[in-house]
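As structure tokens, the structure follows; a few thoughts come after it.
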Amino acid sequence: MNNNSFLSKFFLYVPVKLIPAFMGIFFVFFLYKFFPGGQYVSYSVSVTCALIAAQLFAGWVGNSFVYHFSGSDDKTGFFSSSLVVIFFIAPLAGILAASVCAFFVADDFVFVCVWALCVSQVLFFFLSSVCQADFLVWQQLKAALLQAFVQAMLVFILFEQLGVDFRFALVALTAGYASAVAVLLFSVIRKLGFTNPAKYIDKFMSVVKSLYQYGAALSPWIFGMLVMAAADRFSIGYYNIEHGDIYLSLKDLFAGGAGLLSMPLLMVVHPLVIRKFREKRFAANIIESSFGFLIVAFSLLWCALHFVGFDFFERLTGKSIDVSLWVIFFSYVSVFLNSSSVYIQKRLEVHRKMKLLAVLSIVSAIFSVVFSYVGGRYWGIYGVSIGLMLAQGLYFLLVAYSIHKKMSVYRALVVPLFVAVLTVTAGAAYYYALGDLIHIDDWRVKSALWLIGFSVLSLLALWKGVKWGEFTKAII
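Note that the numbering used here numbers the sequence shown so that position 47 is 51, with each residue one more than the last.
Take a look at the structure:
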């Protein structure tokens with residue numbers, strides 16, 4: 005892949021992930037603003053149950069598909085068999101998600117809403133993996149646009165006509181995923197074709213076996229990762245912890261920002277790392293540069309949130325952030341560690357050290373559950389946020405140890421961190437200068453001027469703090 009090819013794919017992936025991230029951020033603002041007390045927690049737990057089951061069931065098939073697709077001689081047959089498998093397991097995933105959710109959320113029709121949401125997500129995640137494997141970026145972009153439109157319009161209509169309720173938000177999410185599935189399925193079948201696996205049962209069983217052999221080992225790892233990241237939500241729902249609504253809404257806001265920052269790059273880096281592995285080389289420079297990008301980007305985002313974002317959140321929602329800034333920061337660090345681990349664990353992933361990854365993630369998930377529930381019981385929202393951060397930090401350190409001899413700590417950490425600290429310091433000085441030296445009192449003018457100036461600093465920091473040449477020099 006030459007420079008132009010890499011950049012074109014990267015910038016095409018940006019809107020593919022930017023649109024869902026933007027919609028996630030929109031839903032956080034919109035739902036937190038209108039939901040009565042406690043409903044955001046019910047909504048969050050419902051979505052999390054569906055998401056865990058969907059990624060658990062679709063994740064091993066999707067990852068197996070990406071891994072085997074490029075080496076498959078019969079891509080049509082391989083896709084057709086994989087699609088049949090996913091249609092079989094989607095309803096089972098929905099039943100599991102809905103059953104778990106019913107333990108935490110007892111409202112009417114929640115079981116049906118969560119089941120439908122999970123089924124649509126399973127199909128969507130798998131078809132997205134198919135598009136990723138074959139670089140069908142335009143198809144993903146069209147699906148993302150339709151999904152965003154359907155979700156936004158439907159949630160407005162339902163809230164306006166039927167009233168504000170978290171179950172209507174679940175219906176809107178489901179309809180959006182279903183519309184995206186229709187677009188992706190049509191596009192993929194048109195590109196790859198479809199053949200009835202019943203006509204070649206031996207090949208079908210061979211595909212199922214290959215998917216299972218690679219993917220079955222992924223399931224415990226995926227499960228551990230998902231539970232580790234979501235333990236705080238279940239703890240808050242179980243204990244009905246005070247300030248749970250604002251904590252979860254801000255965490256969802258951070259997760260949306262993390263998707264916006266990291267996922268477009270990851271979708272390009274993942275197949276690149278796999279190809280390097282097949283060439284008997286470890287893409288250490290690419291992992292270093294990816295981690296450096298996350299350090300700089302997350303630092304800049306926190307600075308923007310601290311000086312402008314949280315104030316804007318309060319003004320837009322009409323609700324104050326009545327929780328300690330430390331709790332918010334712990335939550336933000338947890339999201340950063342989770343995003344960073346996705347890159348750092350690539351060496352174990354491509355070397356198929358799935359048992360080791362599963363052990364590390366499950367151990368960390370157990371710590372996350374224990375920390376979150378014990379912390380939530382005795383220290384409330386402080387305990388929940390610290391417990392999650394410690395568990396995410398444990399997993400990050402464990403996977404980082406596996407590649408510490410393959411990476412340059414200086415390039416991966418020191419230089420990006422120095423650039424990030426320098427930029428954040430300059431941003432803070434600029435913010436206080438606007439108020440204390442220039443005496444700008446209008447918050448709108450002050451915020452706009454600060455964002456303009458800090459955007460320039462951020463672009464400079466990303467340019468100097470990230471080794472972009474390591475990506476553009478890569479050959480696929």
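By construction, the Cβ of each residue, glycine as well, lies at the ideal position given by its N, Cα and C atoms.
Count the other CB atoms, across all protein chains shown, that sit within 10 Å of the CB of residue i; report buried if there are 16 or more and exposed otherwise.
| i | result |
| --- | --- |
| Thr429 | exposed |
| Ser303 | buried |
| Lys21 | buried |
| Ser132 | buried |
| Met209 | exposed |
| Ile479 | Summary for Ile479: the model assigns pLDDT 45, below 50, so the residue's position carries little reliability; its value from the coordinates is reported in the next sentence. Classification of Ile479: exposed, given that the 10 Å Cβ count is below 16. |
| Arg319 | exposed |
| Met232 | buried |
| Phe83 | buried |
| Pro24 | buried |
| Gln155 | buried |
| Gln2 | Outside the shown range of the chain (5 to 480) lies residue 2, about which nothing can therefore be said. |
| Asp169 | buried |
| Met482 | Here the chain covers residues 5 to 480 and nothing more, so residue 482 does not appear. |
| Ile226 | buried |
| Ser345 | buried |
| Glu246 | exposed |
| Ile56 | buried |
| Trp306 | buried |
| Val373 | buried |
| Tyr405 | exposed |
| Ser191 | buried |
| Gly42 | exposed |
Taking residue i as the reference, which of the options has the closest Cα?
| i | options | result |
| --- | --- | --- |
| Val354 | Cys135, Ala57 and His72 | His72 |
| Leu309 | Gly296, Val192 and Ile325 | Ile325 |
| Trp64 | Ala120, Phe340 and Phe130 | Phe130 |
| Lys79 | Arg381, Val32 and Lys195 | Lys195 |
| Leu265 | Ala101, Trp383, Lys357 and Ser462 | Ser462 |
| Leu150 | Val168, Val175, Asp138 and Ala182 | Ala182 |
| Tyr386 | Phe115, Val104, Ala179 and Tyr251 | Tyr251 |
| Ile299 | Leu421, Leu87 and Gly228 | Leu421 |
| Gly296 | Gly431, Ala220 and Val425 | Val425 |
| Leu438 | Val312, Val18, Val419 and Tyr44 | Val312 |
| Ile290 | Phe113, Trp472 and Ala54 | Trp472 |
| Arg351 | Leu329, Arg381, Glu292 and Ser376 | Glu292 |
| Ile99 | Leu87, Ser86 and Ala120 | Ala120 |
| Pro40 | Ala102, Leu329, Arg171 and Ser338 | Arg171 |
With a cut-off of 8 Å on the beta carbons, I'd call residue i and residue j a contact; round off their distance for me.
| i | j | result |
| --- | --- | --- |
| Asp315 | Trp447 | 7 Å |
| Ile444 | Lys450 | 4 Å |
| Leu222 | Asn342 | So it is not a contact: roughly 17 Å between Cβ atoms. |
| Cys135 | Gln125 | Cys135 to Gln125, Cβ: 15 Å. No contact. |
| Leu174 | Ser253 | Actually they are not in contact, since the Cβ atoms of Leu174 and Ser253 sit about 16 Å apart, beyond 8 Å. |
| Asp256 | Val32 | 5 Å |
| Lys37 | Gly322 | 6 Å |
| Gly248 | Val45 | 5 Å |
| Ile90 | Leu127 | 7 Å |
| Gln349 | Val403 | 4 Å |
> Can you give, in chain order, each stretch of the beta strand (DSSP E) that sits fully within the region 363-446 and has at least 3 residues?
Replying inline: none
> So, do the region 155-173 and the region 90-101 have three or more beta carbon pairs nearer to each other than 8 Å?
Replying inline: No: the two stretches stay apart, fewer than three of their Cβ pairs being nearer than 8 Å.
>> Could you check whether the region 230-249 touches the region 104-121, counting it as contact only if at least three pairs of C-beta atoms, one from each stretch, sit closer than 8 Å?
In response: yes
> Curious, which full-length alpha helix (DSSP H) runs of at least 4 residues does the region 73-151 contain?
Replying inline: For the region 73-151, whole alpha helix (DSSP H) runs of length 4 or above, ordered along the chain, are 79-108 and 114-137.
> Hey, is the region 199-213 in contact with the region 326-336, meaning 3+ C-beta pairs nearer than 8 Å?
Replying inline: Touching, no, given that fewer than three Cβ pairs across the two stretches are closer than 8 Å.
> What beta strand (DSSP E) runs, 3 residues minimum, are completely inside the region 165-228?
Replying inline: none
>> For the region 358-376 against the region 394-412, do three or more pairs of beta-carbon atoms, one drawn from each stretch, fall closer than 8 Å, so that the two count as touching?
In response: yes
> What are the complete beta strand (DSSP E) segments, minimum 3 residues, inside the region 293-343?
Replying inline: none
> What alpha helix (DSSP H) runs, 4 residues minimum, are completely inside the region 21-45?
Replying inline: none
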